[in-house]
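Colleague: A single structure is presented below for examination.
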Amino acid sequence: MERFMTTSGLKRRVLIVDDEIINRELLGAILSQNYDTAFAANGEEAMELLSDPEAYYSLILLDLMMPVMDGFEVIERCRADERLRRIPIIVMTSEKSAEVRSIRTGAADFITKPYDMPEVILARCERTIELSEDESIIRSTERDKISGLYTRDYFFAYLHRLIPRLDVPMDAVALNIDRFQLINEILGRQEGDRILKCAGDLISDMLTSSIGIACRGENDTFFVFIERRDDYLELTKQMQKKLDSMAGGRHLHLKAGVYSCEPGEGDPEIWFSRAKAACEGIRGSFGTYCARYSNELYERMVFYERLISDVNDAIENRDFVVYYQPKYNIQGERPKLVSAEALIRWNHPELGFISPGEFISLFEKNGLIRKIDYYVWREAATQIKRWRKLYGTEIPVSVNVSRVDIFDTGLESKLSDILDEFSLDPSLLMLEITETAYSGSADRLIEAVDNLREKGFRIEMDDFGTGYSSLNMLTSIPIDILKLDMQFIRRMLMDQKAYRLVEMMIDIAGFLDAAVVAEGVEKEEQLKALKKMGCDIVQGFYFSPPLPAERFGELIEKELKEREGSYADN
Amino acid sequence: MLTIDRLKDFGADTDEGLARCCENEALYLRLVNILPADENFDVLEKALAEGDLDKAFEAAHALKGILGNLSLSPMYELCSRITELLRSRAEADYLTLVTELLAQRDVLRTMCAE
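Protein sequence lines correspond, in order, to chains A and B. For the first sequence, my numbering gives the first residue as 3, with consecutive numbering after it. For the second sequence, my numbering gives the first residue as 950, with consecutive numbering after it.
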């Protein structure tokens, strides 16, 4: 680290605030010898510059008497702001009374007018910056107890101090152990902590041969500020290999996100939030170890932020529309409409149609999916009741129950309340759960499924065959319906193995006494093959795409006429 | 044209002024050139004419800072006197003092324009 402290490549930035251009120019000439300088002619301009999240200032030189917004107000506003609070302020004045008042509000030092000689001013600025940086470093605890690396606070305090003195290009790297939650859940917290310690040791080892510092950012994410290199992929793979063996041969998934820091630009916190975003972008994608932050990723983040902030409005304004895809029983002489799956669409008033693929996984990550699910449950219940009134028949509708819903202990009563409100039988709201969501935490799932079935709900296992614990899960969770994932159906006619797999899954369903629904059926040949295998129910574009409730109503009408027709034939 | 020698004749402590400008002569002369146009001179004159001593104090105070920074000693000393009098809201012959200050400003302006 010594090398950091002695080199001086990049300059710290100082903001000079004075309404007199002569004073600004004079100070600018003095300070630009050692610092980057920025200027503001009044408090308002100063606050505008300071509010730029990409700009990092090490010091503010502030005139107290200015038009528009005076220096006292600037001090107060900075004190009230989490990010600006740490920037030391030197006030420039010749008023003794003002000095007392400003030191009470939090100024670090004074420069009197007329100014002292340049050397004196530079020395005072330098000392003030140093003191404030030392203070912020001393304030934070240095080491993270679990990983042995720096704590997050210390790391960033250190970085602010370090950056102006660096003369080599650096990268911000976020390292994350994918699905670390599972390790804690399955092996326990103690073992989880031990693995975090191993990761911390590996990072420390790496830093003995490179310039850099590291901390544990949060939970299982590490931040490494490191001299730029081009072998992050190799590095991550190597670290994962070592980590696997330290973790007793368990296979861990290490992911790295990299952001190349632009010298003199931006705030270290932003660099690392970008590195972290790059890392999160490859979460769960098998075989991808490393990703770089890109503009595209930035735009996606902005887009996601927008979606998150618009959810509540969208629910209130009913911008979410539920579509219904019909499911047909194909085992009789003619396919019979038996039920529907509720699928959500988002018609955003400004962004237009947003695919569920864009927002479902996003909302699953942050828990907002609970609101969406609840909305769909109520919509579906309303619709079932409406169709009953219109056509005198009850069409069961499948709705999604996400992982977070399952962990909500109020789930069972929420669903029952909806049914009571619309006076519907529980068998009419079929609940789809996804197997992949529960590895390692099946207890609550089993409990919830048992409770719900007791109340009369039917449980469907969605995307069957795509998860990694399928068979094991099936023996302990009572399921009424298995839904075969559409990727098997799509491949079954081209790929002998996929064909065999579908046959086997239908056999398994038979063994478990569960009905089988095949999703994504598009062709007649697929339909025929599935019928031959004994698949009961089919859904897909062969019959119909998801439809708005009214259009679905037409299918119900048609179905009722055909039923009458077939009764008449008999 | 304004030169260091002429500023010296004007009474400025040019050694100090130049040192404050990091010995950058061009910068020093450029900043002195800006001074005569500073609006605080007019604000000061007008505020005194209207009897607004608060405003007059602010303007004098601001001028004092600039004049001191440029080491224009005669003007700085005069302006300091005005500032201190205004600070205590003392009864004084402000008109004469300010007229003298403005006259010096005009001399400087002429020097700059020549």
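Ideal Cβ positions, reconstructed from N, Cα and C, are used throughout, including at glycine. In this text the structure is predicted, and so the values were computed from the model without any measurement.
(1) According to DSSP, what are the bridge partners of residue 634/A?
(2) Quick one: which residues of the region 998-1010 of chain B get their C-beta closer than 8 Å to a C-beta of chain A? List them in chain order.
(3) If we require 3 or more residues per run, which beta strand (DSSP E) segments fall completely within the region 405-461 of chain A?
(4) Would you call the CB atoms of residue 481/A and residue 514/A closer than 8 Å?
(5) Which residue spans inside the region 84-167 of chain A form an unbroken beta strand (DSSP E) run of at least 3?
(6) Alpha carbon to alpha carbon, what distance is there between residue 974/B and residue 39/A?
(7) What do you get for residue 210/A, buried or exposed, if any count of 16 or more other CB atoms within 10 angstroms of its CB means buried?
(8) So, at 7 Å on beta carbons, what are the nonlocal neighbours of residue 956/B in its own chain, with the 5 sequence-adjacent residues on each side left out?
(9) Which runs of the alpha helix (DSSP H), 4 residues or longer, sit entirely within the region 513-537 of chain A?
(10) Let me see if you follow: with CB-CB separation under 8 Å, is residue 115/A close to chain B or not?
(11) Please determine whether the Cβ atom of residue 961/B lies at a distance below 7 Å from any heavy atom of the ligand COA.
(12) Secondary structure at residue 363/A, three-state DSSP: helix, strand or coil?
(13) Run the CB neighbour count on residue 270/A, radius 10 Å, all protein chains shown included, and call it buried at 16 or more, exposed below.
(14) Could you tell me the distance, in whole angstroms, from the CA atom of residue 471/A to the CA atom of residue 436/A?
(15) What did DSSP end up calling residue 206/A once you bin it into helix, strand or coil?
(16) Measure from the alpha carbon of residue 489/A to the alpha carbon of each residue in 466/A, 477/A and 506/A, then state which is nearest.
(17) With DSSP collapsed to three states, give me the class of residue 477/A.
(18) For residue 307/A and chain B, any beta-carbon pair shorter than 8 Å?
(19) Do you know whose CA, among 231/A, 516/A and 132/A, lies nearest residue 476/A's CA?
(20) Taking 8 Å as the CB-CB cut-off, is residue 1046/B touching chain A?
(21) Drop a sphere of 10 angstroms on the beta-carbon of residue 106/A, count the other beta-carbons inside from all chains shown, and report buried for 16 or more, exposed for fewer.
(22) Between residue 125/A and chain B, is the shortest Cβ-Cβ distance under 8 Å, so that the two count as touching?
(23) Does the structure place the region 317-336 of chain A close enough to the region 358-366 of chain A that three or more beta carbon pairs sit under 8 Å?
(24) How would you label residue 995/B, buried or exposed, when you count the other beta carbons within 10 angstroms and need 16 or more for buried?
(25) So within the region 251-275 of chain A, which uninterrupted beta strand (DSSP E) runs reach at least 3 residues, ignoring any that extend past its ends?
(26) So residue 970/B contacts chain A; which residues on that side make the cut at Cβ distance below 7 Å?
(27) Looking at the structure shown, is residue 961/B part of a helix, part of a strand, or coil, going by DSSP?
(28) Would you kindly work out how many angstroms separate the C-alpha atoms of residue 260/A and residue 197/A, rounded to a whole number?
(29) Taking only the alpha-carbon atoms, compute the straight-line gap between residue 81/A and residue 34/A and give it to the nearest angstrom.
(30) Less than 8 Å between the beta carbons of residue 990/B and residue 1030/B, yes or no?
(31) From 158/A, 522/A, 506/A and 546/A, pick the residue whose C-alpha is nearest to that of residue 535/A; which is it?
(32) Are residue 65/A and residue 102/A closer than 8 Å when you measure CB to CB?
(33) Report buried or exposed for residue 509/A, applying the criterion of at least 16 other Cβ atoms within 10 angstroms of its Cβ.
(34) Express the C-alpha separation of residue 289/A and residue 238/A in angstroms, rounding to a whole number.
(35) Which parts of the region 978-1054 of chain B are runs of the alpha helix (DSSP H), unbroken and 4 residues or longer, counting only runs that do not cross its ends?
Modeller: Reading from the atomic positions:
(1) Lying before the first or after the last residue shown, residue 634/A is absent from chain A, which here runs from 3 to 572.
(2) 1007 and 1010
(3) 431-436
(4) yes
(5) 91-94 and 111-113
(6) 21 Å
(7) exposed
(8) 963 and 981
(9) 526-535
(10) yes
(11) Although the ligand COA was asked about, the structure shown includes no ligands whatsoever.
(12) helix
(13) buried
(14) Only weak support is given to the placement of residue 471/A: the predicted model assigns it a pLDDT of 47, under 50, and the value that follows is read from those uncertain coordinates. Going from the Cα of residue 471/A to the Cα of residue 436/A covers about 11 Å.
(15) helix
(16) 466/A
(17) helix
(18) no
(19) 516/A
(20) no
(21) exposed
(22) no
(23) no
(24) exposed
(25) 255-262
(26) 28 and 31
(27) coil
(28) 22 Å
(29) 26 Å
(30) no
(31) 506/A
(32) no
(33) exposed
(34) 12 Å
(35) 989-999, 1002-1018 and 1022-1036
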